[in-house]
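Here's the structure we're looking at; comments come further down.
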Amino acid sequence: MFKKLMLNTFNKVSASKFTCQLMKYHFTQPNNHIKQKQSSLIAAQNKSFKVCEIDYQVDVIPKQSVTDTSDQYCKKTSEYKVTDEQNQTTVNQVETAKTTATATTTANNNSTNTTTNNTTINTAQLSQVEKSEVDDYTEWGGFIECYDKLEEFLNSSLQSHQILHINLRYKLIGDKGASDLGSALANCTNLTNLTLELCDNNIGAVGASSLGSALANCIYLTNLTLRLNNIFFLGLENKIGAVGASSLGSALANCTNLTNLTLSLDDNQIGDEGATSLCSTLANCTNLTNVTLSLSGNEIGNEGTSGLGYAFTNCTNLLNLTLYLNGNQIGDIGALGLGSALENYTNLSNLTLLLDGNQIGDIGASGLGFALANCTNLSNLTLYLHGNQIGDIGASGLGSALANCTNLSNLLLHIRSNQIGAVGASSLRSALANCTNLSNLILDIEEKQFI
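Here it is, written out as structure tokens:
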């Protein structure tokens, strides 16, 4: 039977006082659901905790096992789909507006007296449509050029591109299309900002290698977003493997001016070999300040995770780091290796780690926590550890370690679906209460009651 506890802390009241909400449930065996709610007040070093109630159903046996992580991608997938639809709508609006505006200009220049709905445009509407797409890029100093058809890009003036967005999601371009795209990009020698949306395209190692060779020529790149992840799993999947990941890494090593990098390679079967090779080459990108690296569902184990941690140790200016490593095969050794590397990121301010759906136990959780305590400038931390093998000892050690993050102001910790009982949950809560500068806390924990 499970006892579930959700602890939410919002709105810092003062330097020494928090108001948060705590709920205790009492269970009865016959009906397997909550029969009685009991409020309590917990005091910890002059910090008072206020009680609220949350209704939900509790089953004796969870419907989904700890190792089943099939739903962990749902949220991210939905976000990708919404973002994709919004981006595509905006691109279509901009292109339609431009085409109509061009037609209007041509008609005026020819001094024709015929005006139709297809050749007139409200300039204010055009500005509004373009603004949503362009405002995000004004800091880059130019207008973004968008393409959603491969042929149109191949026939464009390649050397003139500086800020480029290519959205070819679900186009089934395959290795051939990826190779053609790579050949064209190799001629875009003036690129400073590039976004490539290539999800679900049947791209393998050959196509990824071609893209990598092209990126190696873009030495002026400062901002790069490359998405080769898979979303729908309908036979359209990219499978770049270890060879493809290695080729991409080798190419990015030449992009020494990169400051912002987003690389999504989820579900591409890259394994330990691909992860290690990819990350060893990224160490050359010493100017990185913002990094999002998504490697979920890639059969990455301890070796690949340990190597991954050291990918950015040379990036002394790194401020924001997000790592998606959920749904892999990471155990205690991998978590310790990742932690040992992260403690060297002394300037890191914002960190998001998704390690849910792995095999991390007490040792790994505690070690990771104590490593993060050495990130002295860390102010915002999001940590997903649900669906692992963490028990009371690990929860207690993690809490004690995080209590030493003296500059931490915002913490989101998901640690449900583990092996944590009442002792571990209580220890974790008490430790987090000692985070003196913490102003916002979301703790998602599930206490397992052993009978």
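Residue numbers (the working numbering): 206 to 656.
The C-beta atom is built at its ideal place from N, Cα and C for all residues, glycine as well.
What beta strand (DSSP E) runs, 3 residues minimum, are completely inside the region 578-607?
585-589
Could you give the first and the last residue of the continuous alpha helix (DSSP H) run that contains isoleucine 538?
Residue 538 sits at position 333 when you count from the first residue of the sequence shown. Per DSSP, isoleucine 538 belongs to the alpha helix (DSSP H) from 537-547.
So, at 6 angstroms on beta carbons, what are the nonlocal neighbours of leucine 573 in its own chain, with the 5 sequence-adjacent residues on each side left out?
The residue you call residue 573 lines up with position 368 of the sequence shown. Ala540 and Gly544.
Around the Cβ of phenylalanine 517, are there at least 16 other Cβ atoms within 10 angstroms (buried) or fewer (exposed)?
By 1-based counting over the sequence shown, the position of residue 517 is 312. Buried.
Label leucine 420 either buried or exposed according to how many other C-beta atoms from any shown protein chain fall within 10 Å of its C-beta, with 16 as the threshold for buried.
What you label residue 420 is simply residue 215 of the sequence shown in a count that begins at 1. Buried.
Within-8 angstroms CB hit, glycine 596 to chain B:
Protein chains in the displayed structure number just one, and chain B is not present.
Beta-carbon gap between asparagine 642 and leucine 613 smaller than 8 angstroms:
Taking the first residue of the sequence shown as position 1, residue 642 is located at position 437. Taking the first residue of the sequence shown as position 1, residue 613 is located at position 408. A contact, by the Cβ cut-off of 8 angstroms.
Whole angstroms are fine: how far does the CA of alanine 638 sit from the CA of glycine 409?
The residue you call residue 409 lines up with position 204 of the sequence shown. The residue you call residue 638 lines up with position 433 of the sequence shown. Glycine 409 and alanine 638: Cα-Cα distance of roughly 49 angstroms.
What are the boundary residues of the alpha helix (DSSP H) that asparagine 507 is part of?
Against the sequence shown, residue 507 aligns to sequence position 302. 507-514 is the span of the alpha helix (DSSP H), which, as asked, contains asparagine 507.
Please classify arginine 374: does DSSP put it in a helix, a strand, or coil?
Locating residue 374 in the sequence shown gives position 169, counting from the first residue. Coil at arginine 374, not helix or strand.
Name, in chain order, the residues that DSSP records as bridge partners for histidine 619.
For the purposes of this step, residue 619 is taken as residue 414 along the sequence shown, with counting starting at 1. Note: histidine 619 sits in a beta bridge opposite Tyr589 and Asp649.
Compute the Euclidean distance between the alpha carbons of glutamine 474 and glycine 506, then round it to the nearest angstrom.
For this step, residue 474 is matched to residue 269 along the sequence shown. For this step, residue 506 is matched to residue 301 along the sequence shown. Approximately 12 angstroms between the Cα atoms of the pair.
Taking 8 angstroms as the cut-off, decide whether the C-beta atoms of leucine 633 and glycine 604 are in contact.
Taking the sequence shown and counting its residues from 1, the one referred to as residue 633 is at position 428. Taking the sequence shown and counting its residues from 1, the one referred to as residue 604 is at position 399. Contact flag set, yes.
Closer than 7 angstroms: glycine 574 CB and nearest the ligand COA heavy atom
Absence of the ligand COA is noted for the structure shown, with no ligands found whatsoever.
Let me know if threonine 486 comes out buried or exposed under the rule of 16 or more other beta-carbons within 10 Å of its beta-carbon.
Taking the first residue of the sequence shown as position 1, residue 486 is located at position 281. Classification of threonine 486: buried, given that the 10 Å Cβ count is 16 or more.
Sort out for me which residues DSSP pairs leucine 468 with in a bridge.
By one-based count along the sequence shown, residue 468 stands at place 263. Paired residue(s): Leu431 and Leu498.
Pull up the distance between the alpha-carbon of leucine 439 and that of leucine 377, whole angstroms please.
Numbered from its first residue, the sequence shown carries residue 439 at position 234. Numbered from its first residue, the sequence shown carries residue 377 at position 172. Distance between the alpha carbons of leucine 439 and leucine 377 is about 11 angstroms.
Please report how far the alpha carbon of asparagine 579 lies from the alpha carbon of asparagine 585, in whole angstroms.
Residue numbering aside, residue 579 sits at position 374 when the sequence shown is read from its first letter. Residue numbering aside, residue 585 sits at position 380 when the sequence shown is read from its first letter. Cα-Cα distance, rounded: 14 angstroms.
For serine 601, which residues in the same chain have their Cβ closer than 6 angstroms to its Cβ, ignoring the five residues on either side in sequence?
Along the sequence shown, one-based indexing puts residue 601 at 396. Here the set comprises Gly629 and Ser632.
Could you spell out where the alpha helix (DSSP H) holding glutamate 478 opens and where it closes?
Position 273 of the sequence shown, counting from 1, holds the residue named residue 478. Where glutamate 478 is concerned, the enclosing alpha helix (DSSP H) stretches over 476-487.
Going by the beta-carbon positions, is the gap between tyrosine 589 and aspartate 561 smaller than 8 angstroms?
Position 384 of the sequence shown, counted from the start, is the residue given in the question as residue 589. Position 356 of the sequence shown, counted from the start, is the residue given in the question as residue 561. Their beta carbons are under 8 angstroms apart, which means tyrosine 589 touches aspartate 561 by this criterion.
Using CA coordinates, which residue listed in Thr521, Phe348, Asn623 and Thr587 is at the minimum distance from threonine 551?
Sequence index remark: in the sequence shown, residue 551 carries index 346 (1-based). The option with the nearest alpha carbon to threonine 551 is Thr521.
Tell me the rounded alpha-carbon separation between glutamate 651 and tyrosine 425.
Here residue 651 refers to the residue found at position 446 when the sequence shown is read from its first residue. Here residue 425 refers to the residue found at position 220 when the sequence shown is read from its first residue. Distance between the alpha carbons of glutamate 651 and tyrosine 425 is about 49 angstroms.
Beta-carbon proximity of isoleucine 620 to aspartate 649, cut-off 8 angstroms
As a first step, residue 620 is located in the sequence shown; it is residue number 415 there, counting from the start. As a first step, residue 649 is located in the sequence shown; it is residue number 444 there, counting from the start. Their beta carbons are under 8 angstroms apart, which means isoleucine 620 touches aspartate 649 by this criterion.
At the level of alpha carbons, what is the spacing between leucine 646 and cysteine 640?
The residue you call residue 646 lines up with position 441 of the sequence shown. The residue you call residue 640 lines up with position 435 of the sequence shown. Each residue's alpha carbon lies about 10 angstroms from the other.
Rounded straight-line distance, which links the Cα of asparagine 422 to that of histidine 366:
Counting from one through the sequence shown, the residue named residue 366 turns up at place 161. Counting from one through the sequence shown, the residue named residue 422 turns up at place 217. Taking the straight line from one Cα to the other gives about 14 angstroms.
As assigned by DSSP and simplified to three states, the class of glutamate 357:
Position 152 of the sequence shown holds residue 357. Helix, per DSSP.
Does the contact criterion of 3 or more C-beta pairs under 8 angstroms hold for the region 489-499 versus the region 452-468?
yes
Glycine 532 in three-state terms, based on DSSP:
Stepping through the sequence shown from its first residue, residue 532 is reached at position 327. Three-state DSSP puts glycine 532 in coil, outside helix and strand.
What are the residues that DSSP puts in a beta bridge with glycine 409?
For this step, residue 409 is matched to residue 204 along the sequence shown. Per DSSP, Lys444.
Look up isoleucine 368 in the DSSP assignment and say whether it is helix, strand or coil.
Translated into the one-based positions of the sequence shown, residue 368 becomes position 163. Strand, per DSSP.
For asparagine 434, does the count of other Cβ atoms within 10 angstroms reach 16, so buried, or fall short, so exposed?
Translated into the one-based positions of the sequence shown, residue 434 becomes position 229. That one is buried.
How many Å lie between threonine 611 and glycine 412 at the Cα?
Within the sequence shown, numbered from 1, the residue matching residue 611 stands at position 406. Within the sequence shown, numbered from 1, the residue matching residue 412 stands at position 207. When rounded, the distance between both Cα atoms is 46 angstroms.
Inter-residue CB distance, cysteine 393 and leucine 373 (contact presumed, cutoff 8 angstroms):
The residue given as residue 393 occupies position 188 in the sequence shown. The residue given as residue 373 occupies position 168 in the sequence shown. Between leucine 373 and cysteine 393 the Cβ distance is about 15 angstroms, and since that is not below 8 angstroms, they are no contact.
Of the residues Leu416, Ala480 and Glu548, the one placed nearest alanine 456, counting alpha carbons only:
Locating residue 456 in the sequence shown gives position 251, counting from the first residue. Measuring from the Cα of alanine 456, the nearest candidate turns out to be Leu416.
Enumerate in chain order the residues of its own chain whose CB-to-CB distance from asparagine 395 is below 8 angstroms, with the five nearest sequence positions on each side excluded.
Looking up residue 395 in the sequence shown gives position 190. Once the five neighbours on either side are set aside, the close Cβ partners of asparagine 395 are Gln364, Ser365, His366, Gln367 and Tyr425.
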